[in-house]
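Undergrad: Position one of the sequence shown corresponds to residue 1 (my numbering), numbered consecutively onward.
Even for Gly, the Cβ is constructed at its ideal location relative to N, Cα and C.
Computed from a prediction, not measured in an experiment: that's the story for all the values here.
The structure that follows is given in the form of structure tokens.
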Amino acid sequence: MRLINTKTYAFEEFIGRNIPKYAILSHTWEEEEVSFADVTSNPRYKEKKGWNKIDMTCQLALTQGYQYAWVDTCCIDKSSSAELTEAINSMFRWYQRAEFCYVFLSDMPTPGEGEPIKSLGDCRWFTRGWTLQELIAPRLVVFLDQTWNWYGDKISLGDELATITGISPFILNHRESLSAVSVAQKMSWAASRETTRIEDTAYCLLGIFDVNMPLLYGEEDKAFRRLQEEIIKTTPDMSIFAWRLPESSLPDPSTSYTTVSGLLADSPRYFTGCGTVARVRMQSDSREFTITHRGVKIQGRDILVKHLNHGNVEYRYILPLNCGAEVINGPYVERQPIGILLRKSDREEFVRGDPMNWVYLADDDTMWVWADERPEVSSGLRYILTSLPNDNASTEDRKFFAPESGTLQYRGLTYLQITQPSWALLERAWPLGFFDLQEQLFFCTHREEVREVFAIVEFKLDFGTEPFDVSGPGIGQLKLAFIFLAIGQYPQSLGTMIFDFGLIDVEKYAAALQGLGDLRGPGRRGLRHRLRHSGIPKLSADIIELADSDQVVLLSFTPVPVFNPYDKSSSPYHKVTFHAEHYHKDKVPWFRIKQGEW
């Protein structure tokens, strides 16, 4: 560490922790600052405007009995990238270990000199990114006006500083540990602050989060992404995902695209409004999450399924963040646990949905169910993308939202959407990892190396709804379930996926299905051949006989390819709708029930 001798004004260097007591300056940079290069090579450096700050700092420090002082403008050799990296990674500790910190407010007029009275919060010092750590780290901080007169100290101005910065006086005055504050709340302190260089938006926060990382000037916004990744590696605090997209970042309201995002924020300003977010213990505290090249990997009981109790059952993928935010409830302020909405984008892969809002997990109108408590529609390993692929990505890897379906699509995938009928309940969907419970669809690859894909859905008939609103002793003899199966192939000559669709009569072919083995298990390739070998036909429709009635119900389906009108180059997704029609036993349109091979 390079210090200024307050008596001789000479630089002296100290290694390790063998550093004498020193005072330190905090200020905002202006024109004609004196650099290390100026002091060592410019004989007229004292003529620059910035010399006065160095001189006054040394005088004040000497008056208080400190032989050394540190000023960032001249005590760092910025021509050395190694020294600059070390300094920025050490900056918080240097301010923390200082005996005294002088905050020079160059735009705060001295009272009684004809200048209008200015609020402390209007000073530029409170808008800069670097000064955040310079306020928090030192124990003793004094504020000086533009003529170096005493204005106040951090203790006496505690309440005013808390109002200006959003930082609790307990944190400012070191009565509460900085590590006790949630990541989201600390980010909110920097939300409205600015830095001259884009990268410094991240670098100025290294000490606040007690992380270290190399400096790469030129990486711009990637620096803040790297900062978040380093925080994730060292801090098990999921409030880092509690940011919300600012209104200024919202898409054009005239478009019908749904907004989604990656899991990481683009800027500290995304944490505006997170000042009350605090960590809370939840059932999912034991989760493990790690950063990978694919995204944030989460394993175990982590993603909630939202079960709405309004007549219909709908599902949402939700990630609880083990933190809560203050909510006004009548005359009271409550802290409610929050989470974020996720959208499935591929096999075991998710993105953030509705990044403008939180999901309040204590909502009395909903029932929350852990996804892993429904193994038929969920699985344990998940990846949440940290960012969406950009427009320069390969065609196969780009994603977009189809305006009509609201479904996140890869241009390298084909989609099969199942419209769940009101008269049936979804029992199982296979392959499980490729099924999106919220959108009721399968992600089907059509890359050339995959010769066959399939999607299987088993429904249980609901006998309390039309057209199955029946009762009586014969109900036990009714078919209780049916299977819909789609098998797709990708002929290179066509360049697109083609499907075979059909129903399987579960009751009639129960023995054959049992002999076929678990359709979800290993060895699923060659399913078409296995079905043929087992003698299980492909049905275009099926008959459900109603107990003690001369009526039957004809089950059928309609697959319709849907093209995205906003992107003609994308593959269509296939939407399958199911139908149930009443017929008299003598008037069944048997011509509609076609039987063939898979």
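1) Compare the Cα-Cα distances from W189 to each of E199, F209, Q440 and I198 and report the closest residue.
2) Could you check if M497 is buried or exposed, using at least 16 other CB atoms within 10 Å of its CB as the buried criterion?
3) Check whether the stretch 32 to 45 touches the stretch 76 to 83, counting contact only when three or more Cβ pairs, one atom from each stretch, lie closer than 8 Å.
4) So, at 7 Å on beta carbons, what are the nonlocal neighbours of R279 in its own chain, with the 5 sequence-adjacent residues on each side left out?
5) Since K186 sits in a beta bridge, which residues does DSSP pair it with?
6) In three-state terms, what does DSSP make of H27?
7) Under the DSSP definition of a beta bridge, which residues are partnered with V103?
8) Put I418 into one of helix, strand or coil per three-state DSSP.
9) Could you tell me whether the Cβ of G166 comes closer than 7 Å to any Cβ of chain B?
10) Looking at the unbroken beta strand (DSSP E) that takes in N5, where does it start and where does it end?
11) Can you grab the Cα-Cα spacing for the pair A184 / P268, in whole Å?
12) To the nearest angstrom, how far is the alpha carbon of K585 from that of A424?
13) Excluding sequence positions up to five away, which residues of its chain have a Cβ less than 6 Å from the Cβ of A223?
14) CB-CB under 6 Å to D354, same chain, minus the five flanking residues each way: which ones, in chain order?
15) For M356, does the count of other Cβ atoms within 10 angstroms reach 16, so buried, or fall short, so exposed?
16) If I measure Cβ to Cβ from V277 and keep anything under 8 Å in the same chain, skipping five residues before and after, which residues do I get?
17) Per DSSP, which residues does E247 bridge with? Please list them.
18) If distances are taken between C-alpha atoms only, which option among K53, V71 and L60 comes closest to F11?
19) Between S556, Y415 and H579, which lies nearest to F563 when the distance is taken from Cα to Cα?
20) Exposed or buried, what is R44 when buried is set at 16 or more other beta-carbons lying within 10 Å of its beta-carbon?
21) Would you kindly work out how many angstroms separate the C-alpha atoms of L527 and R316, rounded to a whole number?
22) Secondary structure at I232, three-state DSSP: helix, strand or coil?
23) Determine the extent of the alpha helix (DSSP H) in which S41 is found, giving its start and end residues.
24) In angstroms, rounded to a whole number, what distance separates the CA positions of I171 and L25?
25) Buried or exposed: which applies to K49, given that a residue is buried once 16 or more other Cβ atoms fall within 10 Å of its Cβ?
26) Report buried or exposed for Y95, applying the criterion of at least 16 other Cβ atoms within 10 angstroms of its Cβ.
27) Quick one: measure Cβ to Cβ for A180 and P169, integer angstroms, because I've assumed they're closer than 8 Å.
28) Quick check on the burial criterion: 16 or more other C-beta atoms within 10 angstroms. Buried or exposed for V333?
29) Once the 5 residues before and after T292 are set aside, which same chain residues still bring their CB inside 8 Å of it?
30) Report back the beta-carbon spacing between Y66 and T6 to the nearest angstrom; my notes put them in contact at under 8 Å.
31) Do N89 and N212 have their beta-carbon atoms positioned less than 7 Å apart in this structure?
32) Tell me which same chain residues have a C-beta within less than 8 Å of the C-beta of T85, skipping the five on either side of it?
33) Nearest by alpha-carbon distance to A137: which of R128, T259, S549 and E99 is it?
34) Output the residue ranges of the alpha helix (DSSP H) runs that lie fully inside the stretch 144 to 210 and measure 4 residues or longer, sorted by chain position.
35) First and last residue of the alpha helix (DSSP H) that includes F92?
36) Which word fits G275, buried or exposed, when buried means at least 16 other C-beta atoms lie within 10 angstroms of its C-beta?
TA: So, to answer that:
1) Start at 1 with the first residue of the sequence shown, and residue 189 comes out as number 189. The shortest C-alpha separation from W189 is found at F209.
2) Position 497 of the sequence shown holds residue 497. So M497 counts as buried.
3) yes
4) Numbered from 1 along the sequence shown, position 279 holds the residue referred to as residue 279. Excluding positions up to five away in sequence, the list reads S182, D237, S239, N322 and C323.
5) For the purposes of this step, residue 186 is taken as residue 186 along the sequence shown, with counting starting at 1. DSSP lists no partner for K186.
6) Position 27 of the sequence shown, counting from 1, holds the residue named residue 27. If DSSP states are grouped into helix, strand and coil, H27 belongs with coil.
7) Looking up residue 103 in the sequence shown gives position 103. Its beta-bridge partners are S26 and F143.
8) As a working mapping, residue 418 is identified with position 418 in the sequence shown. Strand at I418.
9) The structure shown contains no chain B; it is built from a single protein chain.
10) Counting from 1 along the sequence shown, the entry for residue 5 is found at position 5. Note, N5: beta strand (DSSP E), R2 to N5.
11) One-based indexing of the sequence shown puts residue 184 at position 184. One-based indexing of the sequence shown puts residue 268 at position 268. Computed Cα separation, rounded: 9 Å.
12) In the sequence shown, the residue the question calls residue 585 occupies position 585. In the sequence shown, the residue the question calls residue 424 occupies position 424. For K585 and A424, the distance between alpha carbons rounds to 22 Å.
13) Locating residue 223 in the sequence shown gives position 223, counting from the first residue. Excluding positions up to five away in sequence, the list reads E199 and A202.
14) Taking the sequence shown and counting its residues from 1, one reaches residue 354 at position 354. Excluding positions up to five away in sequence, the list reads L341.
15) For the purposes of this step, residue 356 is taken as residue 356 along the sequence shown, with counting starting at 1. By the neighbour-count rule (16 or more Cβ atoms within 10 Å), M356 is not buried but exposed.
16) Here residue 277 refers to the residue found at position 277 of the sequence shown. These residues qualify, in order along the chain: S182, A184, Q185, S188, S239, A242, C323, G324, A325 and I338.
17) The residue you call residue 247 lines up with position 247 of the sequence shown. For E247, which the question treats as bridged, DSSP gives no partner whatsoever.
18) Within the sequence shown, residue 11 is the residue found at index 11, counting from 1. Answer by Cα proximity: V71.
19) In the sequence shown, residue 563 corresponds to position 563, counting from 1. Minimum Cα distance to F563 is reached at Y415.
20) Locating residue 44 in the sequence shown gives position 44, counting from the first residue. R44 should be labelled exposed.
21) The residue given as residue 527 occupies position 527 in the sequence shown. The residue given as residue 316 occupies position 316 in the sequence shown. Cα-Cα distance, rounded: 31 Å.
22) For the purposes of this step, residue 232 is identified with residue 232 of the sequence shown, where counting begins at 1. I232 falls in the helix class under three-state DSSP.
23) As a working note, residue 41 is residue 41 in the sequence shown. Residues F36 to S41.
24) On the sequence shown, position 171 is the one that residue 171 refers to. On the sequence shown, position 25 is the one that residue 25 refers to. In a straight line, the C-alpha of I171 is about 21 Å away from that of L25.
25) For this step, residue 49 is matched to residue 49 along the sequence shown. Burial call: exposed.
26) Working through the sequence shown from its first residue, we reach residue 95 at position 95. It counts as buried.
27) On the sequence shown, residue 180 is found 180 positions in, with the first residue counted as 1. On the sequence shown, residue 169 is found 169 positions in, with the first residue counted as 1. No, A180 and P169 are not in contact; Cβ-Cβ is about 14 Å, not under 8 Å.
28) The residue given as residue 333 occupies position 333 in the sequence shown. Answer is exposed; the Cβ neighbour count stays below 16.
29) Along the sequence shown, one-based indexing puts residue 292 at 292. Around T292: Y383.
30) For the purposes of this step, residue 66 is taken as the residue at position 66 of the sequence shown. For the purposes of this step, residue 6 is taken as the residue at position 6 of the sequence shown. About 6 Å; that satisfies the 8 Å criterion.
31) For the purposes of this step, residue 212 is taken as residue 212 along the sequence shown, with counting starting at 1. For the purposes of this step, residue 89 is taken as residue 89 along the sequence shown, with counting starting at 1. Yes, the pair counts as a contact, with Cβ atoms nearer than the cut-off.
32) Here residue 85 corresponds to residue number 85 of the sequence shown, with the count starting at 1. For T85, where only same-chain residues beyond five positions count, the Cβ hits under 8 Å are P214 and L215.
33) The count along the sequence shown starts at 1 and reaches residue 137 at position 137. Out of R128, T259, S549 and E99, E99 has the C-alpha closest to the C-alpha of A137.
34) 158 to 165, 169 to 172, 183 to 189 and 200 to 203
35) Numbered from its first residue, the sequence shown carries residue 92 at position 92. Unbroken alpha helix (DSSP H) run through F92: S81 to R97.
36) Here residue 275 corresponds to residue number 275 of the sequence shown, with the count starting at 1. Buried.
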